[in-house]
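Working notes for the structure below.
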Amino acid sequence: MKILLAIISLFLADVASAQSGWDVLWSRVSGPSDIVTCISASERDQSVFTASLNGEGGYWSLKSGERAQRNRYGLVGLGKCSAFLESDSELLAGGQGIVSWNPFKNTYAQVVNWANNTVLSLDATPNGNLIAYITDDWILHLFDRGNAAEVGTWSNVQGPVRFSPDGRSLLTGINRSVELIDVASHHIIHRYAQFLNPPSALGFSPLRSDQIYVEDHGLFVLDTSGTVACQWPLSTEADNNAIAYSPGRQIIAAAIIGGIQLMKPSDSSVALIQTPMGATLLSFIGIDTIVVTGGSDVSLYSILQRTYLGSLNSHNWTIRNIAFSPDGNWLVSSSRDQSIMVWEAQSGIRKRLLTCDSVQSCLSVSRDASFIVSANSDTLRFWSKASDSAQVLFGHTGNIWSATFSPDDTSFVTTSESGEMFEWSAKSLEIIHRYDIAHAATFACYSHSGEMIGVPEGSDFVIWDRLTHQRMKTIPYTGFLLSAEFTSDDRRIVFGRAAPYQFEIHNLDNDSLTVATVSGNPWLYGMVLMPGDRNVAIPPLTDSIVRIFDCYTGKIVDSIYYAGEKITSAALNAVTGNVAIGCDDGTVVVLKSAASAGVQPWPMHSEEPLKAYANRGRITITPPSERGSVYVYRSDGRCFYSSQAQAGIANYITGPLPAGVYFVVFQSESGERRFAKVSMFE
863 MKILLAIISL
873 FLADVASAQS
883 GWDVLWSRVS
893 GPSDIVTCIS
903 ASERDQSVFT
913 ASLNGEGGYW
923 SLKSGERAQR
933 NRYGLVGLGK
943 CSAFLESDSE
953 LLAGGQGIVS
963 WNPFKNTYAQ
973 VVNWANNTVL
983 SLDATPNGNL
993 IAYITDDWIL
1003 HLFDRGNAAE
1013 VGTWSNVQGP
1023 VRFSPDGRSL
1033 LTGINRSVEL
1043 IDVASHHIIH
1053 RYAQFLNPPS
1063 ALGFSPLRSD
1073 QIYVEDHGLF
1083 VLDTSGTVAC
1093 QWPLSTEADN
1103 NAIAYSPGRQ
1113 IIAAAIIGGI
1123 QLMKPSDSSV
1133 ALIQTPMGAT
1143 LLSFIGIDTI
1153 VVTGGSDVSL
1163 YSILQRTYLG
1173 SLNSHNWTIR
1183 NIAFSPDGNW
1193 LVSSSRDQSI
1203 MVWEAQSGIR
1213 KRLLTCDSVQ
1223 SCLSVSRDAS
1233 FIVSANSDTL
1243 RFWSKASDSA
1253 QVLFGHTGNI
1263 WSATFSPDDT
1273 SFVTTSESGE
1283 MFEWSAKSLE
1293 IIHRYDIAHA
1303 ATFACYSHSG
1313 EMIGVPEGSD
1323 FVIWDRLTHQ
1333 RMKTIPYTGF
1343 LLSAEFTSDD
1353 RRIVFGRAAP
1363 YQFEIHNLDN
1373 DSLTVATVSG
1383 NPWLYGMVLM
1393 PGDRNVAIPP
1403 LTDSIVRIFD
1413 CYTGKIVDSI
1423 YYAGEKITSA
1433 ALNAVTGNVA
1443 IGCDDGTVVV
1453 LKSAASAGVQ
1463 PWPMHSEEPL
1473 KAYANRGRIT
1483 ITPPSERGSV
1493 YVYRSDGRCF
1503 YSSQAQAGIA
1513 NYITGPLPAG
1523 VYFVVFQSES
1533 GERRFAKVSM
1543 FE
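In terms of my numbering, the sequence shown opens at residue 863 and continues consecutively.
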């Protein structure tokens, strides 16, 4: 028993230490796996619920973009319509019956028994005592929850149903007319003038209780006498949940094919927010934010600025691969749902969604995310910014195991289980060279200068000269090599190997070797060198902890724990030190260390690297043959040196500079930037 308690205490201590020092920079949760069919918003908690055709829903916080709860009860057939109650702690969802769901406790209960008919529209009084719903046989039902009994029905209903704010009257469409019905007596209070079509959207104005809105080839705002107060044409017909008022802003929003149409009753003005996928459903969150869906994507838009704020959706299934671009500005993820997504690494805004016909087993992204290479089996795909469809490249005869872009983005190298290693031109997409390797290669890595390519071959690690395509060096090793990375000065290679599990640092200048045995036998596959070339990040294999090792001692120096779904992949931002993780449920999360708080991505973007290297505590920089300025940044993103540079003449930054990683940027007078990363060692 004492041994068991000791093990538990050690585990809790490990988790507690793993949680320290890392905060969520942004998170994009997995979204519904089918078309979104309803959105209901809670103003009190700034949250939104979405339901999908397969009956699975979720409750998202719009403050952080994180999912608070997910309904996993398999509500098959539900999700056609929904409504929040006054307390915001209960949501009603209708499909083949009606259920009540508490998003905070993640519990649900049946409200109306299952029927043969599908619920098309529903609404409830603010206290939830009465529920009005319309079934697909065009019958309006009034249900008393307290007595669990139906208290009234109306036939030939041809539109949605809405309660008045005080819950005393009911608004619906009958025989192409809009009728206001007294809930207590069931008498018609008012029948509004006949319209051309059954109303597809109607409701009470939250600004004035004596006004209603009706959609009929345009949006009409009527008072209780039936007089038209305002009228706007709509380019397309609006759906049941496709019209909403902004709280306190006196703006009406309608979802149309081109996006969102905004209308102000005060001056009859009209504005348009264009959305890439159009809009079918919408709901206001607060005074400025609107939630929109045009299918399976749920997005946020600012009403005042008319700009896109981001997406709540990530992948619908396990994240297979996740990778930062070399400049740290972009994050790319692929999933078992056969999709690839491109994100802004700092903001978390999704910029691209790419669809495949199979699950991609490996992934690589260029510096500015203009190019992406992915592969599955023996099929290689090349994605460019110009198109959302991939070019399929042929040449491999076995399963492709890795794809890696060169530092200058001019080429990429692929390896396969059949012993093939090809280098491809990123411009012509033709094979530049087929390297003569005799064994299956699980990975390949470029040096930071781009002049060398390293690849495991049998019991050796071979370094190839990228320019001459000749073998430069053969490094023998024992055991099973899992991963390898060149240090930023290209003078050493860090190996992660199994049997036994250890790090080996091979000095290419004198072939000396530093060995550090790792305790706990972690799977050292997929390691990434962190800024400073001292520590490495190791993705998890069986748990949800990303571990940071000192590759010279083999000891764990930090851990990143995410209290969510199981982590399936991880990637390191080599510029900021932030870590991205992909989870089993499709969640994408970027975590930042407390030590990197306030770090901004340094401005590197160029067509070719800059010549710069460390020499006895100082940095030597050789500018290109043009005039410009030189800037040097510390690894925390702060610039500490700048000067005018003469064309082709070397600049020396006097020292001694402290050990660490430095980023050098040359900016020409025309604005072009070139960069270099320099590591200074003790």
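Backbone N, C-alpha and C fix where the C-beta goes; we use that ideal spot for every residue, glycine too.
Would you mind stating whether residue 1277 and residue 1317 have Cβ atoms separated by less than 8 angstroms? yes
Roughly how many angstroms separate the alpha carbons of residue 959 and residue 1089, rounded to a whole number? In a straight line, the C-alpha of residue 959 is about 37 angstroms away from that of residue 1089.
Return the residue from the list 1274, 1313, 1332 and 1368 that minimises the CA-CA distance to residue 1299. 1332
Count the other CB atoms within 10 Å of the CB of residue 1537; is the residue buried (16 or more) or exposed (fewer)? buried
Between the Cα of residue 1169 and those of 1211, 1143 and 1190, spot the shortest distance and give me the residue it belongs to. 1211
Whose C-beta lies closer than 8 angstroms to the C-beta of residue 1341 among residues of the same chain, with five residues either side of it excluded? 1359, 1360, 1361 and 1362
Are residue 1429 and residue 1443 touching if we call contact CB-CB under 8 angstroms? When the beta-carbon positions are compared, residue 1429 and residue 1443 come within less than 8 angstroms of each other.
When the distance is taken between beta carbons, is residue 1224 closer than 8 angstroms to residue 1265? yes
Compute the Euclidean distance between the alpha carbons of residue 1524 and residue 1539, then round it to the nearest angstrom. 6 angstroms
Residues that residue 1473 bridges to, as DSSP identifies them: DSSP, once it has assigned bridges, lists 1484 as partnering residue 1473.
Just to check my reading of the structure: residue 1196 and residue 1202 have Cβ atoms closer than 8 angstroms, yes? What is that Cβ distance to the nearest angstrom? Indeed, because the Cβ distance is near 5 angstroms, the residues count as touching under 8 angstroms.
For residue 979, decide whether its Cβ has a neighbour in chain B, counting only Cβ atoms nearer than 8 angstroms. No chain B appears in this structure, which consists of one protein chain only.
Less than 8 angstroms between the C-beta atoms of residue 901 and residue 1155, yes or no? Their beta carbons are under 8 angstroms apart, which means residue 901 touches residue 1155 by this criterion.
Give me the Cα-Cα distance between residue 991 and residue 944, rounded to the nearest whole angstrom. 16 angstroms
Is residue 1125 near residue 1135, with beta carbons less than 8 angstroms apart? No, the pair does not count as a contact, with Cβ atoms beyond the cut-off.
Can you tell me where the beta strand (DSSP E) holding residue 1236 begins and where it ends? 1233-1238
Taking only the alpha-carbon atoms, compute the straight-line gap between residue 1285 and residue 1279 and give it to the nearest angstrom. 16 angstroms
For a quick check, are the C-beta atoms of residue 1271 and residue 1233 less than 8 angstroms apart? yes
Give the single residue among 1014, 1250, 1519 and 888 whose Cα lies nearest to the Cα of residue 1476. Among 1014, 1250, 1519 and 888, the Cα nearest to that of residue 1476 is on 1519.
State the Cα-Cα distance for the pair residue 1078 and residue 1061, rounded to the nearest angstrom. 6 angstroms
Quick check on residue 1049: buried or exposed, where buried means 16 or more other Cβ atoms within 10 Å of its Cβ? exposed
Just list the beta strand (DSSP E) runs in the stretch 1301-1360, keeping only unbroken ones of 3 residues or longer that don't cross its boundaries, in chain order. 1314-1319, 1322-1327, 1333-1338, 1342-1348 and 1354-1360
Looking at the structure shown, is residue 1386 part of a helix, part of a strand, or coil, going by DSSP? coil
Using the rule of at least 16 other Cβ atoms within 10 Å of the residue's Cβ for burial, across every protein chain shown, is residue 1417 buried or exposed? exposed
Report the three-state DSSP secondary structure of residue 988 (helix, strand or coil). coil
So, using beta-carbon positions, are residue 1452 and residue 888 closer together than 8 angstroms? yes
Identify which residue in 1448, 1486, 1398 and 1000 has its Cα closest to the Cα of residue 1020. Shortest Cα-Cα distance from residue 1020 to any of 1448, 1486, 1398 and 1000 involves 1000.
Hey, how far is the Cα of residue 1454 from the Cα of residue 1401? 15 angstroms
Residue 1033 to residue 1220 span [Cα, whole Å]: 48 angstroms
What does the alpha-carbon distance come out to for the pair residue 1193 and residue 1084? 49 angstroms
Buried or exposed by the 16-neighbour rule on C-beta atoms within 10 Å, applied to residue 1374: exposed
Where residue 1027 falls, given that 16 or more other Cβ within 10 Å makes a residue buried: exposed
Measure the alpha-carbon distance for residue 1376 versus residue 1389 and round it to whole angstroms. If you draw a straight line from the Cα of residue 1376 to the Cα of residue 1389, it comes to about 17 angstroms.
Whole-angstrom distance between residue 1449 and residue 1419, CA atom to CA atom: 26 angstroms
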